[in-house]
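**Student:** All residue numbers for the sequence shown refer to full-length UniProt numbering, where the first residue is 1 and numbers rise by one.
Glycine included, each C-beta is placed from N, C-alpha and C at the ideal position.
Would you mind keeping the following structure in view while I ask a few things?
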Amino acid sequence: MTKITKDTIKIISILCFLILGFMIMNINSQESRPPLAVDGYIDLSNYKLSENGVINLDGRWQVYPNKLLEPIDLISDYSLEKETINVPELWRENKNKLKGKGVATYRLLIKTDKKPQLLGIKLENIKMASKVYINGRLLNQRGVISSKVKQYKANNSPYTIFFYNEGNSRVATEYKKMPREYDIELVIQVANYDYINGGISNSISFGTANAIENMVDMQNALDISGAVILMLFGVYHLAIYALGKYLIDKSFLYNGLFFIMLSICVLANNERILLQVLYNDLGYVVYKLQHFFSIAVIIPFALFVRSMNRAFLSDRVNKLVYFITIPYLLLVTVTPLSIYSSVKLFFLSFNQIIILIVLINSIRCVYKKDYGTLDEKSSILFLASMLCLLVFPILSIVYNNNMLGDSIFLAFSFLGFIIFTAILLAYRFAATYRNSAKLSEDLIKSEKIRDEFMVKTSHELKTPIYGIINISHSLMQREFLNNMPAEKKDIMLINKAASRMSKLVGDISDFITLKDGKLRVEFNKVDLRICIDIVFGTFKYLIDKKRIDLINEVKENTFIYADEDRIRQILYNLVESCVNSIEDGYIKATSNTFNDSTYINLEHNGEGLSEDEIEDIFSEQKNLSSLELGLLISKQLAEVMNGVLEVSNTKKNSGVQFILHIPTYKESAKVNQRQKILIRKPIIKDEDEDIKNNLDVLEGHDFTILIVDDELSNIYVARNAFIAEGYNVLTAFSAEEAFKKLLDNSADVMILDIMLSGVSGIEICRKVRENYNLIELPILITTASHKSDDILLGLEAGANDYLEKPFNEREVKARVRTLINMKKSVREALSSEMAFLHAQIKPHFLFNALSTIMSFCYTDGEKAASLIAQFSKYLRTVFDIDKDSIFTTIYNELDLVEAYVAIEKARFGELVSVKYDVDEKLTNCMIPSLTIQPLVENSIKHGIYNKEDGVTINIKINEEQDKVIIEVLDTGVGIEKEKIEELLKDGGKKGVGIRNVYDRIKSIKGSEFNIESEEDRYTKVKIKLPRM
């Protein structure tokens, strides 16, 4: 054994010897022993009750077996047969005529100091019914006394009698043969037909009224306090087990049950408070409870012991506990008191033997260091508690047999058992908590490592996934796949799978961030209708061949207070769930506002969900698919933004509806910070028109920036940054204001928020692109969304670049600077291009034209004048073209063509024929400068010199599906197929003819340039341009 174990055993041994020594001293001490009754008489004349307190009326009492006599009977017939018996003593324990069951009358004459005073008598346990007479008067009784069993009723609860002793001796005057000095006659009638053994089993206490009352109060207080302490500890241990049953072993459960049952035993025994309180209502049921719990308490005790260490109570002994105890409990339940009480002593003795066995085994285990689930300290504490538990009943027997003068040792042993057991379980709980804390710490570390691994893995996965998406998308655009439908379908599947994987990687990252409580959200005013428009716009390109209508019935100017990016993420996940649930039908979004919340309803008309599916749809306790993970993240995101996400079947049970509750936007919105990290924008009142109207800065700088946003704070930050950079700044808070500013001023770059009140930035971008191309007005969209789908939607609408909000000032400056530099480079390239085109007016064309005019001067002066006018018109048109602009109207372009053709017809006569088929409504549409004239020049040049019958050119301009179609068809020599491919391939020969036109047309988004030719027959050039 270790030093700690040896020291602990020494301390316990010393304490035990001290207690035993005090007991022996107390037992052997005769000086304070009170007088005893002899043959029914007790002399207390020299015993000062007021000073010495309570005395037990122990000794030899007179008894009249099998008779119920009243005091008057004893006076009238003194010759009645009587015997003497020890009190306290049960009937079977003496050799007189008393049997275990029956009736008897006890009598005791008491001699006092004859001082008039108020006295009291405490009767603790008389089996099983009793009546008490003092000096001939019936003062109290328990139960119903009768010599007939049917009239008898048991009740052995303790009771107290108070009476006034006048000092004159009735007994002495009535009984001629009795000594006159005996002044109190105590007569007790006893009946028992239930218990195995009747009689007075406990001492009868006698003393002054105050002393008796104090003693009763003290005993009741001890019983109640002991029971309450046991009950509190029992409930406390049960609560610990119930609240922490996944961490705490069952010893808390068993000990809690043991203490609660033990508290009932305390209330049922000693002062039998349970019997005093409940007997009138429950009768004999109280005795069943008393006997039941007194024996049943051994079962949770055995379970508790084995939960500590199975070696403390072997399997064989444990089975014996159940084998012996359970039949008795059944016996108590179904039989009367007279039967089950006859064997109670055996079972009580069995319980004490079990406790003794546990104590011996615990000593052996401590000695052998066989601690089981305990450690060394816990085993010592358990040993101490078992020692106290075993000593308690032994001391009770000693005390009840008047071998122990004071009950303080009883209280100490009982309290010691409770304290040692409580300390044991507290120590065990602390050890378990330490182990749990260590496991929790290890788990947190492992989860942190796992989360870091997931974050890093997600980040690393993005690059190859985006590579797969981009490569597969590029392959799908290749023309050769049009003849390979199976391969194209496979590539499309790869692209979709990679896109889903990309979304899953993002969801995993968000899930980890949410789980760690590190999600960053930015509350702001969000236009719900626009938000749903953008999400629906994204899915229009994703629903493939499904016949699904996306219906947005959310009213305009419906504003919520949330994070714009996260709201779109939630809506995206919900719409995706709906899209995956139906092939043909609709997805409809509606909303309504109630109190301070906006209820967003998103429903589809597909199949409904079962109750189990609805219950599990947001559960984390199952293997989640990518779609289910998105829904779970959506629910958590809603909660972070002080909202709720629910799902149910529609009222007609023909679909599913998601209901999202989000706080409604108010000017004074205050949102509780339930997230770990929260960033708020400063809320500036939009009604401050004075600030809005004075934000524009036009100071004659070279470049002008138009900022379009409905948040004054965003505009203010960007405005100050651009002013410092030396730009003119225009600001707009709405679409209408933005278009007005574009009409009234020339802007070089537009910074456009993708979410505006009343209309989305996507729609504004599309409208701007109807009048301005990517070069003329670069657009930088700003978005709070990090999703590639939203960004792609903006870029497809015509944006040049994007910027995530909240943006960094240096970043926005750099991006705008890049767009302006790009525009400057394009201007310079355009200037060089137009200079190049002007330089290509070949000198021999000028000489040929002038020679032709001169020849007509001699033959046809009028014709010469007409040619001079056409030639002048041609030169003026060419040189008047703005070198900084690549666009002109169709009218101006055709004017140039007519001037050129007139000169060529003067030279070649009928060999040149040009026909026009032009939609008059399109003459003001913009097309690239020098688009048609070079094609006409090319046709005339090759047709005149290579065909004897000349060339006919047909110019046709019309409109198809918002596109301007320009066709130039000539009847020349045609172009070889290989030469066309060579002409149009990347890196092909540059020039001012077809190749130059082709390059400039292909630079325009949404345009097409096609050449169709057949040798010796025709060449047709077809150009498609967005209408501008």
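With three or more beta-carbon pairs closer than 8 Å as the criterion, would you say the segment 58-73 touches the segment 34-48?
**Tutor:** The segment 58-73 is in contact with the segment 34-48.
**Student:** Let me confirm a value: aspartate 612 is counted as buried when at least 16 other C-beta atoms fall within 10 Å, else exposed. Which label applies?
**Tutor:** Locating residue 612 in the sequence shown gives position 612, counting from the first residue. Label assigned to aspartate 612: exposed.
**Student:** How many whole angstroms separate the CB atoms of isoleucine 762 and leucine 780, which I take to be in contact at a CB cut-off of 8 Å?
**Tutor:** Locating residue 762 in the sequence shown gives position 762, counting from the first residue. Locating residue 780 in the sequence shown gives position 780, counting from the first residue. Rounded, the Cβ-Cβ distance is 14 Å, inconsistent with contact.
**Student:** What runs of the beta strand (DSSP E), each 3 residues or longer, lie entirely inside the segment 583-666?
**Tutor:** Counting only runs of 3 or more, we get 584-594, 597-604, 644-649 and 656-663.
**Student:** Please give me, in chain order, every unbroken run of the alpha helix (DSSP H) with length at least 4 that falls completely inside the segment 27-65.
**Tutor:** Listed in chain order, the complete alpha helix (DSSP H) runs (minimum 4 residues) inside the segment 27-65 are 49-52.
**Student:** Are the CB atoms of proline 336 and aspartate 194 within a distance shorter than 9 Å?
**Tutor:** Residue 194 sits at position 194 when you count from the first residue of the sequence shown. Residue 336 sits at position 336 when you count from the first residue of the sequence shown. Result yes, Cβ atoms of aspartate 194 and proline 336 sit closer than 9 Å.
**Student:** Pairing CB atoms from the segment 315-325 with CB atoms from the segment 368-387, are three or more of them under 8 Å?
**Tutor:** Taking 8 Å as the limit for Cβ pairs, the verdict is that the segment 368-387 does not touch the segment 315-325.
**Student:** Could you check if aspartate 217 is buried or exposed, using at least 16 other CB atoms within 10 Å of its CB as the buried criterion?
**Tutor:** Translated into the one-based positions of the sequence shown, residue 217 becomes position 217. Burial call: exposed.
**Student:** Name the one or two DSSP bridge partners that tyrosine 802 has.
**Tutor:** For this step, residue 802 is matched to residue 802 along the sequence shown. BP columns for tyrosine 802 point to Ile781.
**Student:** So, asparagine 197 versus arginine 92, is the Cβ gap smaller than 9 Å?
**Tutor:** Taking the first residue of the sequence shown as 1, we reach residue 197 at position 197. Taking the first residue of the sequence shown as 1, we reach residue 92 at position 92. Result yes, Cβ atoms of asparagine 197 and arginine 92 sit closer than 9 Å.
**Student:** Which residue's Cα is closest to the Cα of methionine 128: Cys388, Lys153, Ser591 and Gln276?
**Tutor:** Translated into the one-based positions of the sequence shown, residue 128 becomes position 128. Of the listed residues, the one whose Cα sits closest to methionine 128 is Lys153.
**Student:** Enumerate in chain order the residues of its own chain whose CB-to-CB distance from serine 157 is below 7 Å, with the five nearest sequence positions on each side excluded.
**Tutor:** As a position in the sequence shown, residue 157 is number 157, starting the count at 1. Answer for serine 157: Arg142, Arg272, Leu275, Gln276 and Tyr279, listed in chain order.
**Student:** From residue 1031 to alanine 268, what distance separates their C-alpha atoms?
**Tutor:** There is no way to answer for residue 1031, as the model of the chain reaches only from 1 to 1028.
**Student:** Mind pulling the alpha helix (DSSP H) runs of 4 or more residues that sit fully within the UniProt domain "Histidine kinase" (932-1028)?
**Tutor:** With a minimum length of 4 residues, the continuous alpha helix (DSSP H) runs that stay inside the UniProt domain "Histidine kinase" (932-1028) are 932-946, 977-984 and 994-1002.
**Student:** Since tyrosine 182 sits in a beta bridge, which residues does DSSP pair it with?
**Tutor:** Against the sequence shown, residue 182 aligns to sequence position 182. The partner list for tyrosine 182 (beta bridge, DSSP) is empty, contrary to what the question assumes.
**Student:** DSSP has arginine 547 in a bridge; who is on the other side?
**Tutor:** In the sequence shown, residue 547 corresponds to position 547, counting from 1. The partner list for arginine 547 (beta bridge, DSSP) reads Asp584.
**Student:** In the structure shown, what three-state DSSP assignment does alanine 191 receive?
**Tutor:** Taking the first residue of the sequence shown as 1, we reach residue 191 at position 191. The answer is strand: DSSP assigns alanine 191 an E or B state.
**Student:** Count the other CB atoms within 10 Å of the CB of methionine 484; is the residue buried (16 or more) or exposed (fewer)?
**Tutor:** Within the sequence shown, residue 484 is the residue found at index 484, counting from 1. Looking at its Cβ environment, which holds fewer than 16 other Cβ atoms inside 10 Å, methionine 484 is exposed.
**Student:** Compare the beta carbon distance of leucine 774 and alanine 732 with 9 Å and say whether it is the shorter of the two.
**Tutor:** One-based indexing of the sequence shown puts residue 774 at position 774. One-based indexing of the sequence shown puts residue 732 at position 732. No; because the gap between Cβ atoms is not below 9 Å, this pair is not in contact.
**Student:** Below 7 Å CB to CB, which residues in the same chain sit around tyrosine 159 once its five sequence neighbours on both sides are set aside?
**Tutor:** Indexing the sequence shown from 1 puts residue 159 at position 159. Counting only Cβ-Cβ distances below 7 Å, and skipping sequence neighbours, we find Leu123, Asn140 and Arg142.
**Student:** For the beta strand (DSSP E) containing proline 336, list its first residue and its last residue.
**Tutor:** Here residue 336 refers to the residue found at position 336 when the sequence shown is read from its first residue. First-last for proline 336: undefined, no H or E at that position.
**Student:** Do three or more CB pairs link the segment 925-933 to the segment 889-902 at distances below 8 Å?
**Tutor:** Flag = yes, the segment 925-933 and the segment 889-902 touch.
**Student:** Please determine if the segment 234-246 and the segment 282-293 are in contact, where contact requires at least 3 C-beta pairs separated by less than 8 Å.
**Tutor:** Verdict: no, contact absent.
**Student:** How is methionine 755 classed by DSSP in three states: helix, strand or coil?
**Tutor:** Position 755 of the sequence shown, counted from the start, is the residue given in the question as residue 755. Reduced to three states, the DSSP call for methionine 755 is strand.
**Student:** For isoleucine 548, count neighbouring Cβ atoms within 10 angstroms of its own Cβ and tell me buried if that reaches 16, exposed if not.
**Tutor:** Locating residue 548 in the sequence shown gives position 548, counting from the first residue. Isoleucine 548 comes out buried.
**Student:** As a quick exercise: from Leu602, Val579 and Ile975, pick the residue whose alpha carbon is nearest that of threonine 590.
**Tutor:** Within the sequence shown, the letter at position 590 stands for residue 590. Answer by Cα proximity: Leu602.
**Student:** Would you decide whether alanine 718 is buried or exposed? Buried here means 16 or more other CB atoms lie within 10 Å of its CB.
**Tutor:** The residue given as residue 718 occupies position 718 in the sequence shown. That one is buried.
**Student:** Should valine 144 go down as buried or exposed, given a rule of 16 or more other Cβ atoms within 10 Å for buried?
**Tutor:** The count along the sequence shown starts at 1 and reaches residue 144 at position 144. So valine 144 ends up on the exposed side.
**Student:** Of the residues Tyr772, Ala721 and Val759, which one's Cα is nearest the Cα of leucine 743?
**Tutor:** Here residue 743 corresponds to residue number 743 of the sequence shown, with the count starting at 1. Minimum Cα distance to leucine 743 is reached at Tyr772.
**Student:** Can you have a look at lysine 842 and say buried or exposed, based on whether 16 or more other CB atoms are within 10 angstroms of its CB?
**Tutor:** For the purposes of this step, residue 842 is identified with residue 842 of the sequence shown, where counting begins at 1. Because lysine 842 sits at a pLDDT of 49, beneath the cut-off of 50, its placement in the model cannot be relied upon, and the following sentence gives the value as read from the coordinates. Classification of lysine 842: exposed, given that the 10 Å Cβ count is below 16.
**Student:** Within 10 angstroms of its Cβ, does arginine 107 collect 16 or more other Cβ (buried), or is it exposed?
**Tutor:** Position 107 of the sequence shown, counting from 1, holds the residue named residue 107. It is buried - the Cβ of arginine 107 has at least 16 other Cβ atoms within 10 Å.
**Student:** Here's the rule I'm using: 16 or more other beta-carbon atoms within 10 Å means buried, otherwise exposed. How should tyrosine 802 be labelled?
**Tutor:** For the purposes of this step, residue 802 is taken as residue 802 along the sequence shown, with counting starting at 1. Burial call: buried.
**Student:** Measuring straight from C-alpha to C-alpha, what distance separates asparagine 996 and leucine 519?
**Tutor:** If you number the sequence shown from 1, residue 996 lands on position 996. If you number the sequence shown from 1, residue 519 lands on position 519. Using only the alpha carbons, I get a separation of about 53 Å.
**Student:** Let me know if proline 778 comes out buried or exposed under the rule of 16 or more other beta-carbons within 10 Å of its beta-carbon.
**Tutor:** Looking up residue 778 in the sequence shown gives position 778. With 16 or more other Cβ atoms within 10 Å, it is buried.
**Student:** Between which two residues does the beta strand (DSSP E) containing phenylalanine 206 stretch?
**Tutor:** Sequence index remark: in the sequence shown, residue 206 carries index 206 (1-based). Note, phenylalanine 206: beta strand (DSSP E), 205-208.
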